[in-house]
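Below is one structure, written out as structure tokens; the observations come after it.
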Amino acid sequence: MQRVNGTALVIAALVATVGALAFPVWTYADRSGTGQANLAASSVPTQWGPLSATDRDFLVKVRLAGLWELPAGQQAIERAPSQAIRDAGDHLVVGHSDLDRRARDVAAKLGVELPNQPTEQQQGWLRELSAARGEEYERKFANLLRNAHGKVFSLVAEVRHTTRNTLIRQLASDANQTVLDHITMLEATGLVDFDAIANEAAGRKTASPSGPPPPNGNLPPAPAPVVPTGEDQSYTSRPVPGPVINTDRP
Numbered sequence: 286m287q288r289v290n291g292t293a294l295v296i297a298a299l300v301a302t303v304g305a306l307a308f309p310v311w312t313y314a315d316r317s318g319t320g321q322a323n324l325a326a327s328s329v330p331t332q333w334g335p336l337s338a339t340d341r342d343f344l345v346k347v348r349l350a351g352l353w354e355l356p357a358g359q360q361a362i363e364r365a366p367s368q369a370i371r372d373a374g375d376h377l378v379v380g381h382s383d384l385d386r387r388a389r390d391v392a393a394k395l396g397v398e399l400p401n402q403p404t405e406q407q408q409g410w411l412r413e414l415s416a417a418r419g420e421e422y423e424r425k426f427a428n429l430l431r432n433a434h435g436k437v438f439s440l441v442a443e444v445r446h447t448t449r450n451t452l453i454r455q456l457a458s459d460a461n462q463t464v465l466d467h468i469t470m471l472e473a474t475g476l477v478d479f480d481a482i483a484n485e486a487a488g489r490k491t492a493s494p495s496g497p498p499p500p501n502g503n504l505p506p507a508p509a510p511v512v513p514t515g516e517d518q519s520y521t522s523r524p525v526p527g528p529v530i531n532t533d534r535p
């Protein structure tokens, strides 16, 4: 009898141990503080699919972009000395007029409240542009707008990749094309300071960069020179013959 009781106790202890180890695995996705739990808590159901906090932030950011980039583009059309800046301003006005209208339509359908004026920082950028003249104005315009577009570009990509809402997905697709077009036009001015952009981005990162190591100086051999062959002077890549050395001489 004692042997049976001892065996039962051992079995019970093993079952309890296995259960204790397995319980966190079974319940991990439902535990508060996990990414899945945070996503579920921040999302609301709609007829077009769940609407997450990131989706709502995206709508607000699109609206805010239009609230300051539209007047900035209009100002560039009226004031910029160079055609390249005026062309960039025209793309801003056309692109954000359409994107802002679409964002407001989507927000109304999804019940998301949007701002009606730019942020303090964006208002400060508009004041900077208004106070600048000539070449200084053009450089400020190109770099302020290019930097702002580059930052929102990553949010557009994240939303397009992760959203479960069809309205947000389509808006993100449209925003991706619009933002890329504006980035391209701003860079075409030749005034964008890419070193400043890279240094600012590096200052926000704490993790060590990954990727292949830098070149060590052992460059691959240069390709063989291209020489004409045949009467039709078609070109092939082959080594150029060197001097002929007579090895039959004593």
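Be aware that the sequence shown starts at 286, since it is given in my numbering, and climbs by one per residue.
A virtual CB, placed ideally from N, CA and C, is assigned to each residue, including glycine.
For residue 468, which residues in the same chain have their Cβ closer than 6 Å to its Cβ, ignoring the five residues on either side in sequence? 434
Just to confirm, are residue 477 and residue 442 a CB contact at a threshold of 8 Å? no
With contact counted as at least three CB pairs below 8 Å, one residue from each stretch, are the segment 328-337 and the segment 363-374 in contact? no
Count the other CB atoms, across all protein chains shown, that sit within 10 Å of the CB of residue 355; report buried if there are 16 or more and exposed otherwise. buried
When DSSP builds the beta bridges, which residues end up paired with residue 329? 336
Segment contact, 8 Å Cβ cut-off, at least three pairs: the segment 451-466 with the segment 403-416: no
Closest by C-alpha distance to residue 382, when choosing among 490, 459, 479 and 423: 459
Reduced DSSP category for residue 449 - H, G, I as helix; E, B as strand; rest coil: coil
Pick from 450, 401, 372 and 374: whose alpha carbon is nearest that of residue 395? 450
Measure the C-alpha to C-alpha separation of residue 320 and residue 424 and round it to an integer number of angstroms. 42 Å
Could you compute how far the alpha carbon of residue 352 sits from the alpha carbon of residue 376? 15 Å
For residue 325 and residue 444, the rounded distance between their alpha carbons: 16 Å
Would you identify the three-state DSSP class for residue 406, choosing helix, strand or coil? helix
Every unbroken alpha helix (DSSP H) inside the segment 414-448 [4 residues or more]: 419-447
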